[in-house]
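Visitor: Here the protein sequences line up with chains A and B, keeping their order. Residue 349 is where the first sequence ends in our numbering, and the numbering goes up by one at each step. Residue 684 is where the second sequence ends in our numbering, and the numbering goes up by one at each step. C-beta: ideal position from N, C-alpha, C; glycine also. Note that this is a predicted model, so its numbers are computed, not measured.
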Amino acid sequence: MNPACTHIIDDDEAIRDALQWLFKTRGVACQVWPGGEDFLAAWDAAWRGCIVLDIRMAGMSGLECFDALLARGCELPVIFITGHGDVPMAVEALKKGAFHFIEKPFNDHDLVDLVQKAMTHDAERQRAAADRETLEARLATLTAREHEVMELILEGKYNKVIADQLSISMRTVEAHRSRIFEKMEVRSAVELAQMLTTLRG
Amino acid sequence: MPTSEALGPPALRRNWLQYLPYLALVLLIAAIAALVGLTRQYDTDEQKSALISDVLWMEQNLRFQLDRNEAQLQQLGAELFAGGRLAPQTEAQLNHLLRQERGMERILWLDPAGRILGAMPPRIEAQPEAEPRVRKPSENAFDLARGLGRPVYSPAYPGADGGARFEVHVPAWSDDALLGVVVGVYSMSDLVVRELPWWFSERYRVAVLDPDGREIAAKSKVAPLAVHLSYSIPFDPPGYGLTLSITAYKGDTRWVPVLLGASILFLGLVIVWSVLQLRRQLARRQRAETELLRESAYRKAMEDSLLTGLRARDLEGRLTYVNSAFCRMTGYSADELVGHTPPLPYWLPDHTERRQELLHRLEDTGSTPEGVELRFRRKNGEMLDVMLFESPLIDADGRHTGWMGSVLDITEQKRARELALQQEERLQATSRLVTMGEMASTLAHELNQPLAAIASYNSGCINRLQAAEIDRTELMDIHAKLGRQARRAGEIIRRVHDFVRRAEPRREPLDLNVVIRDAVGLVEADARKRGMRLVTELATRLPTVTADAVMIEQIIVNLLRNAMDAMRDTPAAQRQVHIATRVEGRQVVVRVSDRGSGIDTETRARLFEPFFTTKTEGMGMGLNICRSIAELHQGRLGFEANPDGGTIFILSIPVEPA
Numbered sequence: 149m150n151p152a153c154t155h156i157i158d159d160d161e162a163i164r165d166a167l168q169w170l171f172k173t174r175g176v177a178c179q180v181w182p183g184g185e186d187f188l189a190a191w192d193a194a195w196r197g198c199i200v201l202d203i204r205m206a207g208m209s210g211l212e213c214f215d216a217l218l219a220r221g222c223e224l225p226v227i228f229i230t231g232h233g234d235v236p237m238a239v240e241a242l243k244k245g246a247f248h249f250i251e252k253p254f255n256d257h258d259l260v261d262l263v264q265k266a267m268t269h270d271a272e273r274q275r276a277a278a279d280r281e282t283l284e285a286r287l288a289t290l291t292a293r294e295h296e297v298m299e300l301i302l303e304g305k306y307n308k309v310i311a312d313q314l315s316i317s318m319r320t321v322e323a324h325r326s327r328i329f330e331k332m333e334v335r336s337a338v339e340l341a342q343m344l345t346t347l348r349g
Numbered sequence: 027m028p029t030s031e032a033l034g035p036p037a038l039r040r041n042w043l044q045y046l047p048y049l050a051l052v053l054l055i056a057a058i059a060a061l062v063g064l065t066r067q068y069d070t071d072e073q074k075s076a077l078i079s080d081v082l083w084m085e086q087n088l089r090f091q092l093d094r095n096e097a098q099l100q101q102l103g104a105e106l107f108a109g110g111r112l113a114p115q116t117e118a119q120l121n122h123l124l125r126q127e128r129g130m131e132r133i134l135w136l137d138p139a140g141r142i143l144g145a146m147p148p149r150i151e152a153q154p155e156a157e158p159r160v161r162k163p164s165e166n167a168f169d170l171a172r173g174l175g176r177p178v179y180s181p182a183y184p185g186a187d188g189g190a191r192f193e194v195h196v197p198a199w200s201d202d203a204l205l206g207v208v209v210g211v212y213s214m215s216d217l218v219v220r221e222l223p224w225w226f227s228e229r230y231r232v233a234v235l236d237p238d239g240r241e242i243a244a245k246s247k248v249a250p251l252a253v254h255l256s257y258s259i260p261f262d263p264p265g266y267g268l269t270l271s272i273t274a275y276k277g278d279t280r281w282v283p284v285l286l287g288a289s290i291l292f293l294g295l296v297i298v299w300s301v302l303q304l305r306r307q308l309a310r311r312q313r314a315e316t317e318l319l320r321e322s323a324y325r326k327a328m329e330d331s332l333l334t335g336l337r338a339r340d341l342e343g344r345l346t347y348v349n350s351a352f353c354r355m356t357g358y359s360a361d362e363l364v365g366h367t368p369p370l371p372y373w374l375p376d377h378t379e380r381r382q383e384l385l386h387r388l389e390d391t392g393s394t395p396e397g398v399e400l401r402f403r404r405k406n407g408e409m410l411d412v413m414l415f416e417s418p419l420i421d422a423d424g425r426h427t428g429w430m431g432s433v434l435d436i437t438e439q440k441r442a443r444e445l446a447l448q449q450e451e452r453l454q455a456t457s458r459l460v461t462m463g464e465m466a467s468t469l470a471h472e473l474n475q476p477l478a479a480i481a482s483y484n485s486g487c488i489n490r491l492q493a494a495e496i497d498r499t500e501l502m503d504i505h506a507k508l509g510r511q512a513r514r515a516g517e518i519i520r521r522v523h524d525f526v527r528r529a530e531p532r533r534e535p536l537d538l539n540v541v542i543r544d545a546v547g548l549v550e551a552d553a554r555k556r557g558m559r560l561v562t563e564l565a566t567r568l569p570t571v572t573a574d575a576v577m578i579e580q581i582i583v584n585l586l587r588n589a590m591d592a593m594r595d596t597p598a599a600q601r602q603v604h605i606a607t608r609v610e611g612r613q614v615v616v617r618v619s620d621r622g623s624g625i626d627t628e629t630r631a632r633l634f635e636p637f638f639t640t641k642t643e644g645m646g647m648g649l650n651i652c653r654s655i656a657e658l659h660q661g662r663l664g665f666e667a668n669p670d671g672g673t674i675f676i677l678s679i680p681v682e683p684a
């Protein structure tokens with residue numbers, strides 16, 4: 149897995165260089181790109197971290213680059229750097245799902261803080277994604293009957309009711325139940341419900 | 027309504043007056059007719075009384091004749107009965123009596139027994155036996171005369187020749203003895219015919235009628251009779267129911283009264299006709315008057331509704347007419363203005379001379395079709411800008427009597443014009459401000475770049491300095507970069523300064539090639555980054571132009587940037603901006619060609635309009651400013667299609683004279 153990294157996209161070389169230096173002094177890994185085109189050419193879905201995107205650039209503009217990234221399914225949080233008077237553009241970007249925007253001239257610490265927050269957000273997102281994968285793998289091990297019984301357990305029904313509904317014996321229901329708990333690696337029905345709620349949103 | 031009240035009585039009087047002549051005429055004609063009638067009546071009466079007196083006179087005459095004859099016969103009687111031969115004087119007397127005009131035809135003398143003693147003319151040739159028979163009707167008369175001893179007339183009887191006759195028997199006495207009877211035989215017609223004088227028979231027809239109304243004797247001529255003028259009286263003597271009937275001949279038509287009547291009638295008709303004509307004339311005149319009245323009311327309404335002021339003045343400049351619009355304009359009433367002589371109340375004091383001059387001009391040229399702009403002063407002191415058009419007033423005889431002027435109030439127009447001018451100026455100022463704002467905004471953005479970089483470098487340095495370990499070379503490097511960014515910011519500030527100073531271009535002799543090289547240097551980095559190539563093809567020994575270097579550079583940079591923007595989608599191999607300079611006549615021409623997408627028709631028309639842009643982030647002022655700058659240098663900025671695809675922008679600046 150790739151280490152998290154901040155991608156700075158700005159057409160002004162001085163800005164790029166200065167930001168790189170700033171992030172370096174704060175111990176944030178970063179990589180700089182002179183334009184949206186270059187970044188898109190190199191982009192890899194496995195990248196982690198965040199993107200700092202100048203909204204006003206010669207050639208491909210920041211918004212165009214953002215649209216292209218969205219189109220490719222990039223989930224990295226994007227922080228826009230906007231000039232004075234570009235706020236409407238920034239708002240549009242936020243509506244499309246940008247993480248945040250910071251207006252020039254900005255306080256460098258604010259920017260670094262924002263970048264760190266974005267990276268944390270990305271990490272959490274990654275972790276949540278990983279949890280979901282684990283859960284889905286566990287669910288996949290259940291048999292069809294066990295799924296049926298689990299749904300009824302999640303509805304909060306007693307074993308007796310479940311047995312009646314499925315026309316099986318209480319004992320069989322109990323056997324299913326313990327097997328489900330075992331496979332889903334939970335100790336109680338409450339825990340099972342909590343786990344599945346996060347998965348199903 | 028007061029109007030109808032005022033109109034009522036005269037109308038009534040007019041009506042009454044209108045019929046008075048007819049009434050008088052009718053009365054006059056009636057009076058004249060009555061007069062004529064009365065005259066006629068009087069005339070007729072006169073005729074009648076003349077007739078009657080004539081008739082009476084005739085009757086008198088006849089009677090007198092008969093009486094005279096009677097008396098003579100009586101006188102003769104004694105001598106006739108004397109016996110023997112008739113004395114000669116007696117005979118002479120008899121003959122005298124028997125003259126025709128006396129009406130007596132024969133005289134007989136009879137003895138008291140009725141035997142004929144003699145006759146004159148002698149009755150030898152007559153049949154003796156016939157006489158008594160003939161005399162039979164008169165036997166009564168003979169007897170009566172003998173008995174009474176007085177003359178007696180016999181009734182009329184037809185004679186041998188058919189003519190009516192009558193006799194008078196006159197007894198002759200000697201002392202108291204009857205000697206005999208003298209009989210005078212009258213021929214009726216002779217009596218009537220001979221006895222009447224010519225003038226009488228000329229005027230009247232005289233007839234003797236028997237009791238049965240038969241005419242037995244008449245004196246007449248062939249002439250029409252006036253039946254209404256006739257008179258009958260008994261013919262006595264001889265009596266016995268005889269009647270004398272006298273009828274007047276219809277006299278000559280009396281032309282004078284007829285003509286008079288006719289002429290009166292004719293004149294009456296003429297009067298009626300002329301009154302009718304007069305009346306028609308009057309009606310026509312009245313109609314014309316009404317028409318005129320309506321027309322003038324219409325005109326008045328028209329003049330009053332006009333927004334154009336009208337005023338007429340005579341040759342001395344005295345106002346003779348003003349319409350209501352003119353009164354409204356000047357604020358004076360018509361009474362105050364009409365009759366006023368110059369200087370007029372609405373003139374401005376300093377305009378009096380000008381007017382005099384205008385007047386002279388008007389007299390020279392005849393009219394002012396193009397109008398003259400003047401200023402009036404209203405009664406309330408307000409000023410009024412007007413346009414005056416004058417033309418000569420010519421009366422019906424073709425004489426020039428004055429001037430008619432139409433006056434247009436152009437105060438509002440003038441104000442609007444001034445307002446528009448002011449707005450135009452304000453707009454220009456605004457547009458200048460917008461341009462400045464656009465420039466300032468661009469420069470602010472550019473200035474943000476180095477400042478942001480400086481801030482970031484600085485923050486990084488502080489971070490490093492807070493940490494224990496310090497890498498000197500690293501910090502040195504960063505500070506060098508920091509300094510570079512500070513200079514960059516300074517450069518931008520200088521450009522702002524230059525831009526602000528741009529209001530007055532600083533012109534100096536300039537080699538455009540140098541300016542172009544600078545401009546290319548400015549955008550070269552950007553071009554390289556975007557994969558564009560800048561190719562220059564500069565003419566050697568270019569003549570200098572007088573221009574502001576910064577401004578021209580601004581144009582070139584702008585054109586280069588546009589060219590590169592246009593080639594965003596051009597294949598990398600063709601991304602080339604070509605900049606060429608050439609001398610063409612008295613112009614130095616700079617061509618900036620790109621191989622981009624070209625300019626479509628819609629864009630072509632609006633390319634230089636302010637606020638027109640095809641870029642998402644542009645304000646649309648770039649090319650507009652460029653063109654303004656070019657024009658400031660008496661140059662031009664245009665474009666044409668590139669034969670190889672794309673567009674060529676052409677800047678031409680005139681070569682410095684000398």
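Tell me whether the beta-carbon of Val234(B) lies closer than 7 Å to the beta-carbon of Lys245(B).
Guide: Their beta carbons are not under 7 Å apart, which means Val234(B) does not touch Lys245(B) by this criterion.
Visitor: Just tell me which of Arg632(B), Pro680(B), Tyr48(B) has its CA closest to the CA of Gly611(B).
Guide: Closest option to Gly611(B), Cα to Cα, is Pro680(B).
Visitor: How many Å lie between Arg311(B) and Glu321(B) at the Cα?
Guide: If you take the alpha carbons of Arg311(B) and Glu321(B), they lie about 15 Å apart.
Visitor: Write down the C-beta distance between Gly335(B) and Ser432(B) rounded to the nearest angstrom, noting that I regard them as a contact closer than 8 Å.
Guide: Yes, they are in contact, since the Cβ atoms of Gly335(B) and Ser432(B) sit about 7 Å apart, within 8 Å.
Visitor: Measure the C-alpha to C-alpha separation of His505(B) and Val583(B) and round it to an integer number of angstroms.
Guide: Cα-Cα distance, rounded: 31 Å.
Visitor: Which first and last residues belong to the alpha helix (DSSP H) in which Phe329(A) is found?
Guide: Run containing Phe329(A): 318 to 332, per the alpha helix (DSSP H) assignment.
Visitor: How big is the Cα-Cα spacing for Ile157(A) and Gln449(B)?
Guide: Distance between the alpha carbons of Ile157(A) and Gln449(B) is about 47 Å.
Visitor: Could you tell me whether the Cβ of Gly210(A) comes closer than 7 Å to any Cβ of chain B?
Guide: By this cut-off, Gly210(A) is not an interface position.
Visitor: Would you say Gly671(B) lies against chain A (beta-carbon separation less than 7 Å)?
Guide: No, no contact with chain A.
Visitor: Let me see if you follow: with CB-CB separation under 7 Å, is Pro253(A) close to chain B or not?
Guide: Judged by the 7 Å Cβ criterion, Pro253(A) is in contact with chain B.
Visitor: I want to verify the contact list: residues of chain B whose CB lies under 8 Å from the CB of His257(A), in sequence order.
Guide: Correct list: Ser485.
Visitor: Tell me where the alpha helix (DSSP H) around Leu262(A) begins and ends.
Guide: Per DSSP, Leu262(A) belongs to the alpha helix (DSSP H) from 256 to 288.
Visitor: Could you confirm whether any beta carbon from chain B is found closer than 7 Å to the beta carbon of Gly231(A)?
Guide: Chain B, which has a Cβ nearer than 7 Å to the Cβ of Gly231(A), makes this yes.
Visitor: Determine the extent of the alpha helix (DSSP H) in which Leu434(B) is found, giving its start and end residues.
Guide: Looking at the DSSP string, Leu434(B) is not in any alpha helix (DSSP H); the run it does join, the beta strand (DSSP E), is 426 to 435.
Visitor: Within 10 angstroms of the Cβ of Met84(B), are there 16 or more other Cβ atoms? Answer buried if so, exposed if not.
Guide: Buried.
Visitor: In chain A, what lies closer than 7 Å to Leu585(B) by C-beta?
Guide: Within 7 Å Cβ-Cβ: nothing; Leu585(B) doesn't reach chain A, min ~16 Å.
Visitor: Compare the Cα-Cα distances from Ala145(B) to each of Asp169(B), Glu165(B), Leu120(B), Ala167(B) and report the closest residue.
Guide: Measuring from the Cα of Ala145(B), the nearest candidate turns out to be Leu120(B).
Visitor: Going along the chain, which residues of its own chain have a beta-carbon closer than 6 Å to the beta-carbon of Ser213(B), five neighbours each way excluded?
Guide: Closer than 6 Å at Cβ, skipping near neighbours: Glu131, Gly189, Arg191.
Visitor: Could you say which of Ala243(B), His471(B), Ile290(B) lies nearest to Ile272(B) if we only look at CA atoms?
Guide: Ranking Ala243(B), His471(B), Ile290(B) by Cα distance to Ile272(B) puts Ala243(B) first.
Visitor: Does DSSP put His195(B) in a helix, in a strand, or in coil?
Guide: The answer is strand: DSSP assigns His195(B) an E or B state.
Visitor: Helix, strand or coil for Pro182(A), going by three-state DSSP, please let me know.
Guide: Residue state, collapsed to three classes: coil.
Visitor: Does the separation of the CB atoms of Ser623(B) and His604(B) fall below 7 Å?
Guide: No; because the gap between Cβ atoms is not below 7 Å, this pair is not in contact.
Visitor: Verify the CB distance criterion: does Asp192(A) have a CB-CB separation below 7 Å to chain B?
Guide: Taking Cβ atoms only, chain B never reaches closer than 7 Å to Asp192(A), which makes this a no.
Visitor: Taking Ala50(B) as the reference, give the member of Pro669(B), Gly486(B), Glu228(B), Val301(B) with the closest Cα.
Guide: Residue Val301(B) is the option with its Cα nearest to Ala50(B).
Visitor: Quick check: the Cα distance between Arg404(B) and Leu319(B), rounded to an integer number of angstroms?
Guide: Rounded to the nearest angstrom, the two C-alpha atoms are 33 Å apart.
Visitor: By how many angstroms is the C-alpha of Asp187(B) removed from the C-alpha of Gln153(B)?
Guide: Any answer about Gln153(B) is weak, because its pLDDT of 44 lies below 50 and its placement is not dependable; what the coordinates show is given next. Cα-Cα distance, rounded: 14 Å.
Visitor: Could you tell me whether the Cβ atoms of Leu143(B) and Trp135(B) are closer together than 7 Å?
Guide: Taking 7 Å as the Cβ cut-off, Leu143(B) and Trp135(B) qualify as a contacting pair.
Visitor: Assuming Cys153(A) and Cys178(A) make a contact with CB atoms under 8 Å, what is their CB distance in whole Å?
Guide: Confirmed, Cβ separation roughly 6 Å.
Visitor: Considering only their Cβ atoms, is the gap separating Ile676(B) from Ile581(B) smaller than 7 Å?
Guide: Cβ distance not < 7 Å, so Ile581(B) and Ile676(B) don't count as in contact.
Visitor: By DSSP's criteria, Glu666(B) is part of a beta bridge. Which residues make up the other side?
Guide: Note: Glu666(B) sits in a beta bridge opposite Ile674(B).
Visitor: Between which residues of its own chain and Ile297(B) is the CB-CB distance below 8 Å, once the five residues before and five after are set aside?
Guide: Within the same chain, Ile297(B) has close Cβ partners Leu51.
Visitor: Could you tell me whether any Cβ in chain B is nearer than 7 Å to the Cβ of Thr346(A)?
Guide: No, no contact with chain B.
Visitor: Where does the unbroken alpha helix (DSSP H) through Met214(B) begin, and where does it stop?
Guide: Run containing Met214(B): 214 to 221, per the alpha helix (DSSP H) assignment.
Visitor: Any beta carbon of chain A sitting closer than 7 Å to that of Leu501(B)?
Guide: No - not a single Cβ of chain A is within 7 Å of the one on Leu501(B).
Visitor: Give the interface partners of Pro597(B) over in chain A, defined as CB-CB distance under 7 Å, in chain order.
Guide: Within chain A, no residue comes near Pro597(B); the closest Cβ sits about 15 Å away, beyond 7 Å.
Visitor: Which class does Cys222(A) belong to by DSSP, given the choice of helix, strand or coil?
Guide: In the structure shown, Cys222(A) sits in coil (DSSP, three-state: anything other than H, G, I, E or B).
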